[in-house]
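Numbering (my numbering), first residue to last: 1448 to 1590.
Here is the structure we will look at, set down as structure tokens.
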């Protein structure tokens, strides 16, 4: 593993360990948001763009690192921003987060997976090379 891959792996591992070590999951519960709803609404009223930007960044990070809490954040987006704005924020943030998760796993694990399962993946690799767009579209539709 080269230094770039190792650095990225260490960064991701540190973020995941921090999530569990500092019990950051408590901030992604409905009870927490119910208790903080008035404060969040007041901040959103005073700083609508900053709130949307912070929420977007948090949602991207949660999705990219595959932390539990995306479903709760989706509900919170609707409660804070309303249906239309919440839908737009969640749609773009979840797509970007999923793309980052894909790129990180491909960049970090591709060589190991090819080494270990290369003979079984020949058909899939050939299909992706031939019809990559269709594979991507199909994977995006799968929940």
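Yeah, the Cβ is synthetic: ideal placement off N, Cα and C, and Gly gets one too.
Please state if the CB of residue 1506 and the CB of residue 1540 are separated by a distance shorter than 8 Å.
Against the chain shown, residue 1540 aligns to sequence position 93. Against the chain shown, residue 1506 aligns to sequence position 59. Yes; because the gap between Cβ atoms is below 8 Å, this pair is in contact.
Rounded to the nearest angstrom, what separates residue 1545 and residue 1493 at their Cα positions?
Your numbering for residue 1545 matches position 98 in the chain shown. Your numbering for residue 1493 matches position 46 in the chain shown. The straight-line gap from Cα to Cα measures roughly 31 Å.
Helix, strand or coil for residue 1464? Go by DSSP, reduced to three states.
Numbered from 1 along the chain shown, position 17 holds the residue referred to as residue 1464. In the three-state DSSP reduction, residue 1464 falls in the helix class (H, G or I).
Using a threshold of 8 Å, state whether the C-beta atoms of residue 1555 and residue 1456 are closer than that.
Residue mapping note: residue 1555 aligns to position 108 of the chain shown, counting from 1. Residue mapping note: residue 1456 aligns to position 9 of the chain shown, counting from 1. Yes; because the gap between Cβ atoms is below 8 Å, this pair is in contact.
Can the beta-carbon of residue 1520 be found less than 8 Å from the beta-carbon of residue 1469?
For the purposes of this step, residue 1520 is identified with residue 73 of the chain shown, where counting begins at 1. For the purposes of this step, residue 1469 is identified with residue 22 of the chain shown, where counting begins at 1. No, they are not a contact pair.
Rounded C-alpha distance that separates residue 1548 from residue 1564:
Looking up residue 1548 in the chain shown gives position 101. Looking up residue 1564 in the chain shown gives position 117. Approximately 21 Å between the Cα atoms of the pair.
Measure the alpha-carbon distance for residue 1517 versus residue 1453 and round it to whole angstroms.
Counting from one through the chain shown, the residue named residue 1517 turns up at place 70. Counting from one through the chain shown, the residue named residue 1453 turns up at place 6. Our two residues, residue 1517 and residue 1453, have alpha carbons roughly 27 Å apart in a direct line.
Is residue 1484 helix, strand or coil when you go by DSSP?
If you number the chain shown from 1, residue 1484 lands on position 37. Residue 1484: helix per DSSP, three-state reduction.
Expressed to the nearest angstrom, what Euclidean distance is found between the alpha-carbon atoms of residue 1571 and residue 1487?
Counting from one through the chain shown, the residue named residue 1571 turns up at place 124. Counting from one through the chain shown, the residue named residue 1487 turns up at place 40. C-alpha separation (whole angstroms): 46 Å.
Residue 1585: buried (16+ other C-beta within 10 angstroms of its C-beta) or exposed?
Along the chain shown, one-based indexing puts residue 1585 at 138. It is exposed - the Cβ of residue 1585 has fewer than 16 other Cβ atoms within 10 Å.
Tell me which residues share the same chain as residue 1480 and place their Cβ nearer than 6 Å to its Cβ, disregarding the 5 neighbours each side in the sequence.
For the purposes of this step, residue 1480 is identified with residue 33 of the chain shown, where counting begins at 1. These residues qualify, in order along the chain: 1523.
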